[in-house]
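Enquirer: Residue numbers (my numbering): 10 to 664. The beta carbon of each residue, even a glycine, is placed where N, CA and C say it ideally should be.
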Amino acid sequence: MRLTRVPGLLFGGDYNPEQWPEEVWAEDVRLMAEAGVTMATVAVFSWSRLEPAPGVYDFGWLDRVLDLLHEHGVSADLATATATPPPWLVRAHPEAMPVDAHGVRLEFGSRQGYCPSSPVFREHTVRLATAIATRYAEHPALAMWHVGNEYADHTLECFCPESARHFRAWLQARYGTVGALNTAWGTSCWGQHYTGFEQIEPPRKAPGPVNPAQLLDWRRFCSDALLELFTAERDALREVTPAVPVTTNFMSILHGLDYWSWAAAEDLVSDDAYPDPADPESHVAVALSYDLMRSLKQRPWLLLESAPSAVSWREVNVPKPPGMMRLHSLQAVAHGADGVMFFQWRQAKYGPEKFHSALLPHGGTTTRGWQDTLRLGADLQRLAEVAGTTTRAEVALVLGWDSWWGLEAPESMPSNRLKLKDLLLAWYAPLHARGIAVDLAPPDRDLSAYRVVIVPNLYLCTAEQAKALASVTGELVVGPFSGVVDESDQVHDGGAPGPLRELLGLAIDEFWPLADGVTQRVRDAGGDVGLARTWAEWPRVVGDAVEVLARYEGGDLDGLPAITRNGNATYLSCLLDDLTPVLDRVLHDVPALDVPLGVEATRRENHLFLLNHTSTPQQVALPQPGRDLLSETDLRGVITLAARDAVVLRIEGDT
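#1: Going by DSSP, name the residue or residues bridged to residue 572.
#2: Who are residue 310's beta bridge partners in DSSP?
#3: Sorted by chain position, which residues of the same chain lie with C-beta nearer than 6 Å to residue 448's C-beta, five sequence neighbours on each side aside?
#4: If you run the structure through DSSP and keep just helix, strand and coil, what is residue 566?
#5: Determine the closest residue to residue 83 out of 98, 364, 51 and 90, with distance taken between C-alpha atoms.
#6: Whole angstroms is fine: what's the gap from residue 527's alpha carbon to residue 477's?
#7: What's the gap between the Cα of residue 145 and the Cα of residue 151?
#8: Assuming residue 400 and residue 348 are in contact, meaning their beta carbons sit under 8 Å apart, how far apart are those beta carbons, in whole angstroms?
#9: Is it right to say residue 627 is buried, meaning 16 or more other beta carbons lie within 10 angstroms of its own, or is it exposed?
#10: Here's the rule: buried if 16 or more other CB atoms are within 10 angstroms of the residue's CB, otherwise exposed. What is residue 358?
#11: Would you mind working out which of 643, 657, 622 and 658 sits nearest residue 331, comparing C-alpha positions?
#12: Within the same chain, show all residues whose beta-carbon is closer than 8 Å to that of residue 374, passing over the 5 residues directly before and after it, in chain order.
#13: Compute the Euclidean distance between the alpha carbons of residue 550 and residue 434, then round it to the nearest angstrom.
#14: Tell me the DSSP bridge mates of residue 550?
#15: Please name the residue in 142, 384 and 510 whose C-alpha comes closest to that of residue 580.
#16: Do residue 566 and residue 547 count as a contact pair if the criterion is CB distance below 8 Å?
#17: Answer with yes or no whether the minimum CB distance from residue 492 to chain B is below 8 Å.
#18: Skipping 5 residues on each side, what residues in its chain have a beta carbon closer than 6 Å to that of residue 555?
#19: One question on the structure: do residue 318 and residue 334 come within less than 8 Å of each other, judged by their Cβ atoms?
#20: If I follow the unbroken beta strand (DSSP E) through residue 648, where does it start and stop?
#21: Determine the direct distance from the alpha carbon of residue 461 to that of residue 483, and round the result to whole angstroms.
#22: Under the rule that 16 or more other beta-carbon atoms within 10 Å means buried, what is residue 410, buried or exposed?
#23: Identify, in the order they occur along the chain, each residue of the same chain with its Cβ nearer than 6 Å to the Cβ of residue 306, setting aside the five sequence neighbours on each side.
#24: What number of angstroms, rounded off, separates the C-alpha of residue 81 from the C-alpha of residue 141?
#25: Can you tell which of 396, 236 and 42 has the C-alpha that lies nearest to the C-alpha of residue 126?
#26: What's the gap between the Cα of residue 120 and the Cα of residue 96?
#27: Among the residues of its own chain, which have a CB less than 7 Å from the CB of residue 98, if the five just before and after it don't count?
#28: List in chain order: all unbroken beta strand (DSSP E) runs of 3+ residues lying wholly within the region 409-461.
#29: Taking the CB atoms as reference points, tell me whether residue 9 and residue 211 lie closer together than 8 Å.
#30: What is the DSSP secondary structure of residue 230, counted as helix, strand or coil?
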């Protein structure tokens with residue numbers, strides 16, 4: 010669902026007029042119009058102002074804000090204001106506040122102070138969402154609904170009695186009987202056998218390691234509990250305004266929430282992204298998260314929050330140097346965003362975020378920041394034709410949240426140094442450097458359309474997921490420690506790679522994590538040597554047609570197969586420093602773009618984005634002539650891309 014009321018690419022940010030005297034509002038909307046702002050996110054943290062007492066509403070100030078926005082051509086991403094409960098609700102119902110794993114109930118005074126399972130909190134959020142929807146259903150400024158804010162940022166889980174009740178109900182719906190739960194959780198280990206659901210509690214702080222199967226179900230439950238909270242408000246909004254799209258802002262690649270499930274429940278994917286200006290490689294990691302956002306619904310998405318310059322929550326909050334705000338914004342558009350929004354419009358005067366940058370800085374319109382705002386607004390207008398276009402990817406990276414949760418369970422793994430984000434990035438970075446578009450996909454999706462499918466890790470692998478991977482007709486690459494356990498975190502019969510055994514033609518006799526400072530050499534058939542530093546395995550070939558592409562050299566694994574190929578399926582039993590040789594073998598049919606290191610090349614249909622993330626000019630050979638929409642000039646041949654500059658080339662004809 011697109012925001013049909015707002016043409017072109019969206020531009021704007023969070024607007025908090027309640028933090029300012031009303032006489033400032035007129036200046037705000039005048040400057041928004043000057044900057045080319047098309048949408049503002051309003052009322053995210055306004056519950057206590059909109060409902061100062063139970064059932065008593067004060068919409069007057071918000072009426073005037075929305076009227077002002079509409080008069081100046083600015084649409085509203087109108088929040089349901091439920092991101093933080095009001096003090097009166099907390100004092101009347103202290104049980105609605107979250108309890109941590111140590112049994113301590115947290116106090117009011119920050120944000121996201123609520124128990125996701127609290128029926129009192131849920132009742133009040135739905136009531137407020139309904140009231141706001143009824144009030145503004147026909148308001149001409151309304152373009153989109155914004156439910157909650159950054160779910161799981163501060164409150165992912167709660168360990169209170171109400172959460173325990175909710176967890177038990179969730180488990181009963183999943184397993185039916187306590188006997189089935191005992192089987193799934195393996196409760197005969199360590200004497201944890203249950204005789205009734207009422208005996209089960211959340212995994213609070215315990216004397217030793219907690220049952221990993223219980224932890225896995227707890228992670229599933231916490232994601233689902235928050236999703237229930239979101240969908241309750243969503244349903245209330247849809248009842249009143251079925252044609253208005255509903256979103257909530259994601260937080261890039263977040264461990265706590267299964268974004269495949271969440272994206273299916275909303276109309277438009279939106280994301281908050283804050284790459285660190287002090288990290289010269291941050292643009293690669295954020296590109297990966299942007300590709301996830303595009304892949305979640307396989308259509309354009311919206312960058313709902315980003316920082317114009319410095320943030321306020323790192324140990325050292327480095328500002329963005331000249332050109333970086335524009336470059337980061339264009340990068341989001343390059344990866345499928347149909348708009349770029351910021352936190353926030355006017356820089357705060359007080360509170361925890363008073364030093365967080367804004368489109369309108371403390372110093373006003375004489376600042377460098379304001380000039381950057383004006384330039385970006387003009388650039389996004391020039392790129393209006395990009396809105397709605399898509400990206401075709403021929404490479405997929407597989408990401409499953411269940412497997413991620415299982416992989417990073419504490420205190421129960423051969424090594425706690427296998428981190429899924431790191432594994433994803435290790436494969437993504439060399440693909441990104443070649444200008445190869447990448448989709449992310451869940452492990453049970455039909456993957457037959459891709460030329461190359463890469464599974465960095467699939468620790469938890471079901472028979473259905475193995476069947477989906479076996480249906481891949483292109484190149485399939487599977488990383489180590491995959492196919493280890495089933496959906497209950499129980500080791501597959503016969504050990505790893507479980508249901509992938511026939512596909513890979515391998516069995517893993519033993520996992521071989523590497524201690525600090527230990528490296529394991531890997532030599533391929535051509536004599537090239539690679540290094541593994543974190544992980545290796547003792548594999549055994551069981552398939553008749555398996556080809557050994559590389560072997561371990563030296564150490565206890567000397568001579569054993571390190572990289573193998575069975576049909577179209579390649580398996581790496583180790584984590585290599587350099588994955589280039591593996592990619593060179595499987596990417597032979599995938600077109601790439603030859604660009605200098607630090608220059609990003611990304612396509613959206615017939616639009617080629619070239620982004621120079623370095624601090625020096627770079628020479629780039631254009632694959633085809635075209636018109637740069639930013640400079641409004643025709644370009645061909647070799648061009649010089651200035652430091653932190655960009656070209657968006659419209660290419661006519663076959664791309």
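Expert: Put simply:
#1: Position 563 of the sequence shown, counted from the first residue, corresponds to residue 572. DSSP output for residue 572 lists 559 and 581 as bridge partner(s).
#2: Locating residue 310 in the sequence shown gives position 301, where the first residue counts as 1. Within the DSSP bridge table, the entry for residue 310 names 346 as partners.
#3: Against the sequence shown, residue 448 aligns to sequence position 439. Taken in chain order, the residues that qualify are 304, 402 and 405.
#4: Locating residue 566 in the sequence shown gives position 557, counting from the first residue. Residue 566: coil per DSSP, three-state reduction.
#5: The sequence position of residue 83 within the sequence shown is 74, counting from 1. Closest option to residue 83, Cα to Cα, is 51.
#6: Working through the sequence shown from its first residue, we reach residue 527 at position 518. Working through the sequence shown from its first residue, we reach residue 477 at position 468. One C-alpha to the other measures close to 36 Å.
#7: For the purposes of this step, residue 145 is taken as residue 136 along the sequence shown, with counting starting at 1. For the purposes of this step, residue 151 is taken as residue 142 along the sequence shown, with counting starting at 1. Residue 151 has its alpha-carbon roughly 7 Å from the corresponding atom of residue 145.
#8: One-based indexing of the sequence shown puts residue 400 at position 391. One-based indexing of the sequence shown puts residue 348 at position 339. So it is not a contact: roughly 16 Å between Cβ atoms.
#9: Translated into positions along the sequence shown, residue 627 becomes position 618. By the neighbour-count rule (16 or more Cβ atoms within 10 Å), residue 627 is buried.
#10: Mapped onto the sequence shown, residue 358 falls at position 349. Residue environment analysis places residue 358 among the exposed positions, since fewer than 16 neighbouring C-beta atoms fall within 10 angstroms of its C-beta.
#11: Within the sequence shown, residue 331 is the residue found at index 322, counting from 1. It is 622 whose Cα lies nearest to the Cα of residue 331.
#12: In the sequence shown, counting from the first residue as 1, residue 374 sits at position 365. Within the same chain, residue 374 has close Cβ partners 40.
#13: Translated into the one-based positions of the sequence shown, residue 550 becomes position 541. Translated into the one-based positions of the sequence shown, residue 434 becomes position 425. About 29 Å.
#14: Taking the sequence shown and counting its residues from 1, the one referred to as residue 550 is at position 541. Paired residues: 515.
#15: Position 571 of the sequence shown, counted from the start, is the residue given in the question as residue 580. For residue 580, the nearest C-alpha among the options comes from 510.
#16: Counting from 1 along the sequence shown, the entry for residue 547 is found at position 538. Counting from 1 along the sequence shown, the entry for residue 566 is found at position 557. Yes, the Cβ-Cβ distance between residue 547 and residue 566 is below 8 Å.
#17: Looking at the structure shown, chain B is missing, and only one protein chain is on hand.
#18: Walking along the sequence shown from the start, residue 555 turns up at place 546. Around residue 555: 514, 573 and 575.
#19: Looking up residue 318 in the sequence shown gives position 309. Looking up residue 334 in the sequence shown gives position 325. Against a cut-off of 8 Å, the Cβ pair of residue 334 and residue 318 comes out as a contact.
#20: Walking along the sequence shown from the start, residue 648 turns up at place 639. Looking at the DSSP string, the run of the beta strand (DSSP E) that includes residue 648 is 647-650.
#21: Sequence index remark: in the sequence shown, residue 483 carries index 474 (1-based). Sequence index remark: in the sequence shown, residue 461 carries index 452 (1-based). Between residue 483 and residue 461, the C-alpha separation is close to 5 Å.
#22: As a working mapping, residue 410 is identified with position 401 in the sequence shown. Buried is the call here.
#23: One-based indexing of the sequence shown puts residue 306 at position 297. Excluding positions up to five away in sequence, the list reads 272 and 278.
#24: Position 72 of the sequence shown, counting from 1, holds the residue named residue 81. Position 132 of the sequence shown, counting from 1, holds the residue named residue 141. In a straight line, the C-alpha of residue 81 is about 22 Å away from that of residue 141.
#25: Translated into the one-based positions of the sequence shown, residue 126 becomes position 117. Answer by Cα proximity: 236.
#26: The residue given as residue 120 occupies position 111 in the sequence shown. The residue given as residue 96 occupies position 87 in the sequence shown. Cα to Cα, the separation comes out at about 11 Å.
#27: Numbered from 1 along the sequence shown, position 89 holds the residue referred to as residue 98. The answer, listed in chain order, is 105 and 133.
#28: 447-450
#29: Given that the chain is displayed from residue 10 to residue 664, the structure contains no residue 9 and the question cannot be resolved.
#30: Position 221 of the sequence shown, counted from the first residue, corresponds to residue 230. In the structure shown, residue 230 sits in a helix (DSSP, three-state: H, G or I).
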